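End of the sequence shown sits at 446 in the UniProt record's numbering; the numbers just go up one at a time, nothing left out.
Quick reminder that beta carbons are idealized off the backbone N, C-alpha and C, glycines included.
Remember, it's a predicted structure, so these values are computed and weren't measured experimentally.
As structure tokens, the structure follows; a few thoughts come after it.
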Amino acid sequence: MDKGYRLVHCQRLFSSRHGSQYFEVQAPSQDGEGPEIVPVDGAAAWARVGEQMAKAWADIEKRAQTTIQEGERDEVNPWLERTQWLPYLVGMERPDLLACIEEPVAEPDARQEQQAEPVEAAIWAAMDGLARFSQASIIDRIGVFIRLEAIRTEMHQTRFQPLQPYMDKNAIVKHTRPWQQMLMFFARTQKEHGWKSPKYRFTRRQREAWEVLIEQAKRSIEGDEEDEAEDMDEEREELDEEMMDDIDEAIEVAEEEPGQGEGPEPKKLSKIQKACLEFCIALLNHRITRREYDSPLVCALAVLGVKEDGWKGPEQYPPILSAVIKIARFMVVQKGLEMSGPEEDSGDETDDDLDDSAYESGPSQRRRPKGCLQLVQKMMDRFMVRGSHSPMQWMLDLRTYGLKIHYNTTTRGHVEWTNGDELLYKELHFSMAQFRGMQQGSAGAQ
């Protein structure tokens, strides 16, 4: 009868518990023909093993830092719990998210690995020009009533400090950057890309506005706008002398009117700037009915909260929200100016509204075009104040929450001790003997 077993050589790594089972090993050679055993230095072998383990652990830590991972259930972070960035961006690579909001380059540079992105560069420049133009409109084209409407944060609110432009006109470059970065996020995720990007969905109106913006960006690259400007110049040169005199006279009258800007700002938005304005207004004009991340604008704002080694907290993120909110108010006023057309005579309209005659009231009055004040008021009530359930309400509430955390949390101090007698204050490093000498020197100088 054949045997139901066979003899093998076996070993085991642990004597008990998990992993204590036996496993088969190669039988030792009986005739000495096996591979010659080479003596190995135990300390050197363990050192190599330690280096390999340290390298593997460093790779794991690096991967954990670059990849956004799900947090622990018992981890307490009120800020992240409020923003909900982690559930939305889990699994994304931080370097990819940071790269998608970088400033584009219009032409390739051999010294940099960044590829040329002419369409994205045109959109970046258009947003900068739109913000500058809108701030100039705040200064030169509107009065205090519209600015009081544009500063509101509640539906029925009386504000006494109107919307103010930035003190330094060049400061708007810095504060426009968050809007430019969000537009880059959309531009680089709407085209083909080889990295995992956050999911979002445009509404029909947002999709149409985005397609128009891309089309205008491509036309600006091809020089269509410059060609149109040259054609207009040629037509203007063909006008007769009488027509030129009329135009010059009209310009002189316009310059003498009060409230008109005298700076070198352009009189009208370019086509790509108008398309950029329409898309930004479409992002703001979004009523959230289920989740805040159904809004593409909120999704883009989440990407602005990512850092290389973590998240932007209550100290860093509220200033970003403030810049986004203020530029949005500028654009709402600019949108009202674009919709209202030429400046209307508000005095006649006020007299008609005060007329309580039943004979003159009818549909003709309701068809009268609204002025900039009424348009701005309507847009503010629709999507720029609390209670509108819009991305603006999300920004206003999150900014208030972040500032509350910031002002009620003790910040880390800057004074540290080292080696028992050395003092560290920010980037200053000195001993107590040097500090006493400095005090004595200042007292002697007095």
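Residue i vs residue j beta-carbon contact at 9 angstroms
i, j, result
"I172", "A131", "yes"
"V306", "M395", "no"
"R216", "A126", "The residue asked about is misnamed: residue 216 is Gln in this sequence, not Arg. Yes. Within cutoff."
"L89", "A275", "no"
"S197", "H286", "no"
"R207", "K271", "no"
"R382", "E154", "no"
Assigned exposure category for residue i - 16 Cβ within 10 Å defines buried
i, result
"W79", "buried"
"K326", "buried"
"W46", "exposed"
"E256", "With a pLDDT of 42 at E256, under the threshold of 50, the modelled position of this residue cannot be trusted; read the value that follows with caution. Result: exposed."
"G310", "exposed"
"H156", "exposed"
"T83", "buried"
"E252", "Any answer about E252 is weak, because its pLDDT of 45 lies below 50 and its placement is not dependable; what the coordinates show is given next. By the neighbour-count rule (16 or more Cβ atoms within 10 Å), E252 is not buried but exposed."
Which of helix, strand or coil DSSP assigns to residue i
i, result
"T158", "coil"
"L428", "strand"
"E93", "strand"
"A106", "coil"
"G129", "helix"
"W46", "helix"
"K335", "helix"
"T67", "strand"
"W79", "helix"
Rounded straight-line distance, which links the Cα of residue j to that of residue i
i, j, result
"R177", "Q161", "26 angstroms"
"A433", "E107", "57 angstroms"
"W124", "M438", "51 angstroms"
"Q393", "K404", "17 angstroms"
"W195", "Q135", "37 angstroms"
"K191", "M184", "11 angstroms"
"P165", "R201", "33 angstroms"
"I142", "K335", "12 angstroms"
"P118", "L424", "48 angstroms"
"M53", "Q180", "43 angstroms"
"D199", "I281", "Sequence inspection shows Lys at residue 199; the Asp mentioned does not correspond to that position. Their backbone Cα atoms lie some 21 angstroms apart in a straight line."
"residue 448", "A27", "The requested residue 448 does not occur in the structure, where the chain is confined to residues 1 to 446."
"Y407", "S295", "29 angstroms"
"C100", "G91", "16 angstroms"
"E422", "E315", "29 angstroms"
"F23", "A56", "27 angstroms"
"L304", "H175", "13 angstroms"
Beta-bridge pairing of residue i - partner residues as DSSP gives them
i, result
"H9", "V25"
"E422", "T418 and S431"
"T176", "Beta-bridge pairing links T176 to no other residue."
"G341", "Bridge partners of G341: none, in fact."
"V306", "W311"
"A116", "V105"
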